[in-house]
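Q:
4 protein chains.
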Amino acid sequence: MSIHEECGVFGVYSEKETDVAGLSYYGLYALQHRGQESCGIVVNKEGLFYSHKDLGLVSEVFSEPVLEGMPQGTMAVAHVRYGTTGATNRSNTQPIEVNHQKGKMALAHNGNLSNAYKLRSELEMQGAIFHTTSDTETIAYYITRERIRSASIEEAVEKAMKYFEGAYSLVIMSAQKLICARDPLGFRPLCYGRTSDGVYVVASESCALRAVGAKLIRDVNPGEILVFYDGQVKSIQSTHIEALNDDTAMSNIHEKYKENKKLCVFEYIYFARPDSIIDGVSVHASRVRAGEILAEEHPADADIVIGAPDSGLDAALGFSGQSGIAYRMGFIKNKYIGRTFISPTKKIRVDGVKIKLAVLDEVVRDKRVVLVDDSIVRGTTMGRVVKLLRDAGAKEVHVRISSPPFLHPCYYGTDIDSENNLVACHHTIPEICDIIGADSLGYFPVERLGELTGGKGYCDACFTGVYPTDIPDDSGKDRFEQPLKQSR
Amino acid sequence: MSIHEECGVFGVYSEKETDVAGLSYYGLYALQHRGQESCGIVVNKEGLFYSHKDLGLVSEVFSEPVLEGMPQGTMAVAHVRYGTTGATNRSNTQPIEVNHQKGKMALAHNGNLSNAYKLRSELEMQGAIFHTTSDTETIAYYITRERIRSASIEEAVEKAMKYFEGAYSLVIMSAQKLICARDPLGFRPLCYGRTSDGVYVVASESCALRAVGAKLIRDVNPGEILVFYDGQVKSIQSTHIEALNDDTAMSNIHEKYKENKKLCVFEYIYFARPDSIIDGVSVHASRVRAGEILAEEHPADADIVIGAPDSGLDAALGFSGQSGIAYRMGFIKNKYIGRTFISPTKKIRVDGVKIKLAVLDEVVRDKRVVLVDDSIVRGTTMGRVVKLLRDAGAKEVHVRISSPPFLHPCYYGTDIDSENNLVACHHTIPEICDIIGADSLGYFPVERLGELTGGKGYCDACFTGVYPTDIPDDSGKDRFEQPLKQSR
Amino acid sequence: MSIHEECGVFGVYSEKETDVAGLSYYGLYALQHRGQESCGIVVNKEGLFYSHKDLGLVSEVFSEPVLEGMPQGTMAVAHVRYGTTGATNRSNTQPIEVNHQKGKMALAHNGNLSNAYKLRSELEMQGAIFHTTSDTETIAYYITRERIRSASIEEAVEKAMKYFEGAYSLVIMSAQKLICARDPLGFRPLCYGRTSDGVYVVASESCALRAVGAKLIRDVNPGEILVFYDGQVKSIQSTHIEALNDDTAMSNIHEKYKENKKLCVFEYIYFARPDSIIDGVSVHASRVRAGEILAEEHPADADIVIGAPDSGLDAALGFSGQSGIAYRMGFIKNKYIGRTFISPTKKIRVDGVKIKLAVLDEVVRDKRVVLVDDSIVRGTTMGRVVKLLRDAGAKEVHVRISSPPFLHPCYYGTDIDSENNLVACHHTIPEICDIIGADSLGYFPVERLGELTGGKGYCDACFTGVYPTDIPDDSGKDRFEQPLKQSR
Amino acid sequence: MSIHEECGVFGVYSEKETDVAGLSYYGLYALQHRGQESCGIVVNKEGLFYSHKDLGLVSEVFSEPVLEGMPQGTMAVAHVRYGTTGATNRSNTQPIEVNHQKGKMALAHNGNLSNAYKLRSELEMQGAIFHTTSDTETIAYYITRERIRSASIEEAVEKAMKYFEGAYSLVIMSAQKLICARDPLGFRPLCYGRTSDGVYVVASESCALRAVGAKLIRDVNPGEILVFYDGQVKSIQSTHIEALNDDTAMSNIHEKYKENKKLCVFEYIYFARPDSIIDGVSVHASRVRAGEILAEEHPADADIVIGAPDSGLDAALGFSGQSGIAYRMGFIKNKYIGRTFISPTKKIRVDGVKIKLAVLDEVVRDKRVVLVDDSIVRGTTMGRVVKLLRDAGAKEVHVRISSPPFLHPCYYGTDIDSENNLVACHHTIPEICDIIGADSLGYFPVERLGELTGGKGYCDACFTGVYPTDIPDDSGKDRFEQPLKQSR
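Residue numbers (this note's numbering), protein chains in the order written: chain A, 88 to 575; chain B, 88 to 575; chain C, 88 to 575; chain D, 88 to 575.
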């Protein structure tokens with residue numbers, strides 16, 4: 088898989104001082120799948136911030152002395168970050184912390200503003216300087232700018248949101264308040280819950296709430312701002328969507344937003360953890376359903392169904408259930424391969440794919456196999472996996488993909504390969520089938536995506552090219568493409 | 088699981104200099120499941136040894152500069168080690184390297200000598216000093232002692248083996264030769280193969296051969312010594328089993344050894360990687376078969392079958408296939424939890440099991456569940472897992488275990504909890520069922536273990552108490568129990 | 088010594104690509120005495136920046152792989168930083184790098200703006216956000232703001248300098264130019280030179296030029312901006328000192344500035360390395376001269392003169408030469424004590440001073456000793472050192488201090504202890520003599536400081552309270568006193 | 088300087104549990120000049136050993152968590168080690184810890200056995216294996232072998248000492264006793280003292296006693312064994328020198344040993360810290376005296392005397408005092424250059440010597456300079472230093488060396504360059520003078536060495552070739568010269 092999302096966010100609010108760093112630590116463990124490049128936690132103890140963040144996994148960045156060195160406090164904001172390619176840039180670690188005229192603020196962000204370059208250029212024209220290359224700093228700037236002329240931090244957040252277009256799920260901490268906000272189209276998930284001790288927890292996915300013993304209260308609504316302060320939770324529904332500026336009763340606004348929702352459908356297909364419930368729909372169930380639909384749409388005459396670990400397993404089970412073809416385990420994935428794995432060089436004739444993935448020969452030998460995976464990007468990896476199966480004696484390999492073909496870029500935080508590299512942009516399905524060496528190939532039908540998301544609003548722009556916001560004019564983007572480089 | 092094995096061994100022999108360190112690195116990745124405490128590689132370049140070993144996973148110990156800093160060579164020996172409890176003792180890392188009168192030797196060992204204390208005491212009476220607390224050093228001593236009065240290293244190994252009782256799969260490297268040896272009862276696996284470039288590879292499991300592109304030639308026979316030297320492989324069958332010292336033709340000895348074989352049955356049940364083939368039997372197939380037998384012996388009236396990840400998944404699939412009850416994924420295991428995970432302290436009310444393992448509520452809710460796992464040790468963990476299922480709404484939980492109950496200590500390298508802690512030593516099956524909160528409980532029948540191992544000889548002493556060798560007199564053992572402690 | 092200065096700066100400009108990172112590395116080694124908390128290097132290769140910076144000494148931050156990983160380039164800017172107390176804050180490491188509307192900039196700063204809070208507040212009122220707590224970020228902001236409406240970076244620097252009051256020696260790098268600037272009063276040193284290969288080097292002290300084989304060309308003049316670009320060096324003399332805005336001929340401005348110069352006299356007394364030449368005066372010679380003057384002003388009837396290592400040695404030699412009393416080595420300083428030295432706790436009865444400093448008993452026994460040091464802050468350390476001498480058998484101890492008593496805070500980058508702790512603020516000389524246990528005590532006479540600085544303009548505000556600029560109104564300062572804290 | 092000694096040893100014995108690790112830590116800081124490659128501490132708490140050792144300086148190996156993690160105890164043994172060239176071999180770190188038949192032992196050693204290869208070969212012929220390449224392991228073996236047939240550890244030490252030839256100052260710890268021993272010729276220093284709390288401390292040099300607040304009781308006599316046990320100190324004078332096996336009264340033996348003493352004269356000239364008192368003679372005074380004798384023997388017509396820092400400073404002061412030529416500081420040594428300093432490569436034209444050592448131009452310009460240093464090995468470094476002086480404008484440079492010329496190898500622990508590289512082996516004094524570019528050159532006269540050592544017995548074999556023991560037959564040595572190499 089070469090599709091990635093940007094981040095996971097996490098926040099804690101407690102009336103009494105408690106181990107908010109510890110809760111964040113376990114919360115980040117549950118969100119680690121959303122980003123493995125860097126992570127960080129900022130604790131608020133009596134209005135002072137204590138932070139630790141660095142490049143690396145949660146397990147690498149937070150050693151026992153580091154975690155024990157963080158004080159008890161009443162609030163925390165935390166973040167895991169996915170980073171593109173080799174630009175392992177320490178300065179882009181989050182949460183970012185800023186000092187401004189009325190105090191300080193820590194901010195964690197998941198998503199991508201589609202008008203980030205425009206907003207940043209406007210700030211720069213006014214003399215602003217930027218330490219990072221991420222749009223999170225732009226968000227912080229706009230909130231700060233509004234803060235100066237606002238009575239409260241939440242008012243500043245609400246005002247700033249009028250400028251933002253695109254995807255953002257935010258957790259913000261000031262000296263006294265914890266705030267979370269989700270963009271009006273709800274591109275990225277965000278939810279909150281409470282522990283039996285009365286501690287409020289905000290997270291990108293519900294799996295992180297459960298990990299720390301918190302019960303899911305509900306998803307944050309699109310366009311909603313929640314303020315945790317003085318033991319209370321206050322909801323503000325931002326009202327600046329044009330469609331809503333008439334006499335719509337306040338009580339109807341929530342519903343209106345829900346209808347307009349554009350949750351990234353790839354959260355269900357790949358990003359989120361199967362045990363999360365997003366906007367009321369189980370991710371695991373959604374994936375099993377995708378497999379069932381695949382079996383209906385692209386049946387195969389085969390002996391066994393296997394999933395590509397780990398992302399294809401749920402859909403494979405669904406395919407098996409619907410088709411009646413036996414579900415089998417066809418691969419062993421090496422679970423010790425991580426960020427620091429050194430790929431074989433040309434000095435040595437070792438196939439990197441074989442180290443990561445081993446076929447169970449006796450399972451696939453002489454069998455007609457249905458192989459289910461979540462997506463095809465360039466086709467190279469899938470081609471090697473199909474070859475592994477054939478080398479192990481599979482008679483036929485029928486590939487089924489639980490998403491439609493990728494055809495368009497995403498401006499909301501999903502890092503899809505460039506169009507040049509997307510195999511589906513340049514080839515017909517028979518051609519792709521040929522490229523990957525499969526006997527047949529079936530993609531999930533784009534028109535049935537609603538069945539995976541509970542029928543609610545979702546964004547499928549990467550498959551359809553129909554974008555829910557204006558898309559950015561990319562002139563000027565290049566300036567950011569070659570940012571301050573960090574040696575090592 | 089609190090059952091552990093000691094180690095994995097790996098060796099490379101090439102006529103021409105090549106990247107033997109790189110091959111070892113990928114080989115160790117494939118063997119990492121056999122030991123996560125420490126690892127090491129020793130390279131032989133023109134008779135000189137270059138080594139690197141330390142505490143940590145392969146990914147931690149071998150960074151890119153370290154691996155690139157190791158020279159090309161003609162041979163290498165490598166090791167991953169499992170360490171008991173907190174005694175993360177750097178001095179016990181392997182391969183051990185020794186200088187002796189006729190040169191030097193590097194040695195990697197998997198297994199446990201049942202007469203280790205006796206052998207060590209004899210050496211100590213002669214003034215020997217020991218730097219480590221492991222029996223590997225004792226093995227090195229005996230080989231060295233024989234080396235002085237032997238014409239070759241292989242002769243020394245053969246002579247030394249007469250003293251050893253118990254389990255040992257060895258890879259030994261001298262200035263000129265690579266040697267591997269497996270104990271006469273074949274307690275631990277050992278096999279070898281060859282790459283298309285003609286490089287010989289020795290490994291604890293065949294999965295490591297495949298990882299580096301080597302084809303399995305065969306398992307090393309019980310009591311066999313293989314010598315890789317001068318581009319040749321020479322086999323020596325040690326002949327000192329008493330039953331064989333008559334006029335048995337040399338050609339029959341191999342067969343005799345195979346009949347006497349006592350391979351640890353737990354290699355099939357839990358230790359080995361599912362894609363390995365040990366003594367001709369697929370580990371994965373063996374586990375699926377265990378599930379089928381469980382379904383025959385302990386059927387359950389249930390709606391779904393789930394496996395405890397990852398070790399119960401294969402058997403769960405077998406149980407489902409045999410019983411016709413639907414196979415489902417019930418758990419998400421957090422794959423980022425590793426050695427450095429900091430367990431929740433009492434400062435914070437977080438359940439460690441929930442962070443490691445999340446239930447898929449909608450899968451188990453209102454269902455009668457068969458839960459398959461490989462073993463029960465103390466019962467505590469299983470109790471918590473059953474509770475997770477019930478909290479998620481499971482109506483009934485029927486636990487099925489793919490091994491018989493643990494009742495006896497192992498002297499051959501498996502680290503089973505002390506008898507005091509083994510729940511099966513002190514409770515009947517209904518009592519255990521009660522302790523873990525299950526509706527029913529079924530263990531694998533000890534008399535059918537042969538069906539998992541291809542009928543060949545195996546050791547089941549931990550279940551039966553019938554030991555294939557003399558068991559050690561433990562007097563004097565305490566001296567080693569409190570060894571040199573390493574702060575940190 | 089509890090007196091510290093803030094930093095050292097370094098810059099390289101070469102027409103051809105060369106190992107500018109290596110030159111910076113050796114330059115920072117020579118400037119390490121100016122700051123041991125953190126350091127950093129930013130390399131410019133074809134307009135792209137490659138940086139590495141972290142907490143620690145040059146030897147700790149720049150390992151061989153890190154240094155080798157930095158590319159060859161045409162420019163570099165580098166920095167060593169001294170940090171107050173325990174706030175080992177990674178975000179304050181320099182050079183800081185910023186992205187702005189017209190490109191990017193790296194900036195290294197030595198000194199302290201006396202109107203920093205005022206400038207920062209003005210920016211914050213306009214919505215600016217700050218990532219660090221240092222005034223270097225404020226400097227960067229002002230330059231950036233001017234950059235937008237300026238034709239060149241040097242023009243922006245010149246305009247921005249009109250807002251800055253206080254001390255700043257800057258090295259600034261843009262995509263194409265290297266720029267250095269010294270404040271109009273020349274509080275902190277800055278000089279430049281050239282290697283035989285034609286590479287230009289800028290540094291806080293000339294010792295760093297010599298270290299990398301560059302020959303000192305001259306000091307940067309107060310108020311001067313140097314631009315290294317296109318193989319040329321261009322000098323701009325900023326003209327905004329009010330006294331100069333009349334019809335003074337441009338050629339006289341340099342001289343005017345030199346007359347107005349206010350170089351920190353403590354650079355000669357303590358900060359700078361003895362082999363540096365600052366504004367034409369040898370630091371070593373200045374210190375020897377201080378000892379001579381002390382001998383004239385405060386003669387002592389004694390047998391030997393010893394210096395407190397290392398900062399009192401030069402002046403002790405001068406005292407000996409002038410007085411004719413024999414110079415001796417009285418102390419051995421442990422040269423391995425560094426940042427990570429763990430001070431004795433109450434668990435153990437060990438005197439920390441004795442570990443750092445050992446007396447040579449046979450040198451001082453039964454002797455009347457003159458002890459020369461550069462300053463007294465609280466008097467505690469000096470008291471312990473005098474006691475060491477008495478315990479070793481010294482009959483008399485006459486303390487001579489090569490600076491006048493500290494009485495006032497510094498706003499230009501010298502970190503003097505708070506007035507509450509300065510012993511000279513609360514006690515007469517006889518009282519201090521009593522506190523430190525000396526037989527006599529003599530300070531350098533404030534009216535003769537000009538003899539140490541070549542008669543040129545210098546700042547002695549910390550001794551006299553006469554400040555060359557407005558001093559800051561500290562209201563609002565507290566907000567910065569408790570910045571974002573960094574756990575670790 | 089390319090002359091090095093092997094190590095420093097340290098031991099603590101207390102009746103009550105105390106922070107023996109902390110005392111060792113500060114003791115090692117004071118001995119760090121004797122070895123910078125690796126260090127270690129082993130604590131004895133209730134008979135169990137807790138150890139930490141690694142490559143690096145004391146400040147690097149013992150971080151605060153590591154030191155705090157070591158328990159309080161009643162005894163400790165500690166070590167700093169100098170390592171030859173690049174063989175930074177972790178397995179050679181000391182103290183070494185061994186398990187043997189009667190318990191365990193930790194051992195720290197300074198010196199070198201001249202019959203090490205012979206002893207080791209004998210052990211190897213009996214089947215012994217060696218993990219390290221140091222003779223310390225051989226010493227441990229012999230003590231262990233004797234321990235088996237001895238009633239006590241001290242008896243075993245005494246018996247083993249009969250086999251050892253050459254230099255050894257040992258600190259040995261068993262479960263119950265702390266033992267120290269010095270070889271019969273007293274090649275290396277060793278002394279002991281006591282703190283006001285009654286804690287006994289053993290150290291290579293008295294500076295380490297003072298550092299931890301202990302008062303020097305006396306040097307350990309040549310051939311003496313001290314046993315700290317049960318609150319007592321017991322002295323055993325080993326009696327196996329052949330000259331003493333007649334009817335000499337026990338009371339005369341000490342004196343006899345003292346007469347025979349062969350303390351390494353280079354301890355006074357270079358190795359030891361100036362504030363140490365060795366066998367009753369102040370190291371600092373000895374060095375000053377060397378300078379005085381040089382001035383008598385090799386006067387110079389010059390303006391100033393300067394010392395090469397740090398090792399030439401004391402002798403320079405002596406030369407100045409005797410000759411009446413003014414003492415000056417001519418060099419600034421960069422005190423931040425350490426183990427991790429990266430030497431300039433050919434990519435960059437920077438002179439490494441200039442980074443380490445800076446001349447004070449105005450001190451030496453137009454002066455006739457006497458430069459005093461402790462030794463010349465290859466002449467290369469001295470040549471560069473003389474050139475630095477000339478480049479700075481010195482009119483004449485007269486080199487005076489406070490030791491005689493090195494001509495012979497040392498078998499007792501001093502690592503002198505190979506004879507091929509020793510400039511004095513191949514050149515006359517006028518030739519060397521020419522090679523280093525000096526105007527004149529004078530070495531310390533070998534016949535007056537006794538004036539530096541209080542007239543007592545000393546070893547000057549490296550100057551004279553007259554060895555106090557048999558010298559080793561080096562056949563077989565090569566085997567050890569290319570030991571197990573450690574990558575990184």
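Positions of the beta carbon are idealized from the N, C-alpha and C atoms, including for glycine.
May I ask you to report which of helix, strand or coil DSSP gives B:Y530?
A: In this structure, B:Y530 counts as strand in the three-state DSSP scheme.
Q: Could you tell me if B:I516 is buried or exposed, where buried requires 16 or more neighbouring beta carbons within 10 angstroms of its beta carbon?
A: Under this definition B:I516 is an exposed residue.
Q: Is the CB of B:Q188 under 8 Å away from at least one CB in chain D?
A: Output row for B:Q188: interface = yes.
Q: With a cut-off of 8 Å on the beta carbons, I'd call D:M260 and D:A193 a contact; round off their distance for me.
A: Indeed they touch by this definition, with Cβ atoms about 5 Å apart.
Q: Can you tell me the Cα-Cα spacing of A:T172 and D:V289, whole angstroms?
A: With a pLDDT of 38 at A:T172, under the threshold of 50, the modelled position of that residue is not reliable, and the figure given next carries that caveat. In a straight line, the C-alpha of A:T172 is about 57 Å away from that of D:V289.
Q: Can you tell me whether D:D333 is buried or exposed, with buried defined as 16 or more other CB within 10 angstroms of its CB?
A: Summary for D:D333: the model assigns pLDDT 49, below 50, so the residue's position carries little reliability, and this model does not support an answer.
Q: Closer than 6 Å by C-beta to B:V553: which residues in its own chain qualify, once you throw out the five before and the five after it? Chain order, please.
A: Taken in chain order, the list of residues that qualify is empty.
Q: Listed in chain order, which residues of the segment 414 to 427 of chain B have Cβ atoms closer than 9 Å to some Cβ of chain A?
A: Answer in chain order: Y414, R415, M416, F418, I419, N421, K422, Y423, I424, G425, R426, T427.
Q: Using a Cβ-Cβ cut-off of 8 Å, state whether B:E241 counts as contacting chain D.
A: No, no contact with chain D.
Q: For B:V352, does the three-state DSSP call read helix, strand or coil?
A: B:V352: coil per DSSP, three-state reduction.
Q: Quick check: what's the CA-CA separation for B:I183 versus A:K420?
A: Approximately 30 Å, taken between the alpha carbons.
Q: So, does the CB of D:H139 fall closer than 8 Å to a CB anywhere in chain C?
A: Cβ-Cβ to chain C under 8 Å: no for D:H139.
Q: Just checking, does the segment 530 to 542 of chain B make contact with the segment 365 to 379 of chain B on the three C-beta pairs under 8 Å criterion?
A: Yes, since at least three Cβ pairs between the segment 530 to 542 of chain B and the segment 365 to 379 of chain B fall closer than 8 Å, the two stretches touch.
Q: Taking CB distances under 8 Å as the criterion, tell me whether A:A215 reaches chain C.
A: Output row for A:A215: interface = yes.
Q: Relative to the C-alpha of A:F493, which candidate in A:G470, A:F136, A:I503, A:G310 has its C-alpha closest?
A: The option with the nearest alpha carbon to A:F493 is A:I503.
Q: Here's a check: name, in chain order, each residue in its chain whose Cβ is nearer than 8 Å to the Cβ of C:K434, leaving out the five neighbours to either side.
A: There are no such residues.
Q: Determine, for B:I226, whether the minimum Cβ-Cβ distance to residues of chain D falls below 8 Å.
A: For B:I226, the answer is no, since every Cβ of chain D falls outside 8 Å of its Cβ.
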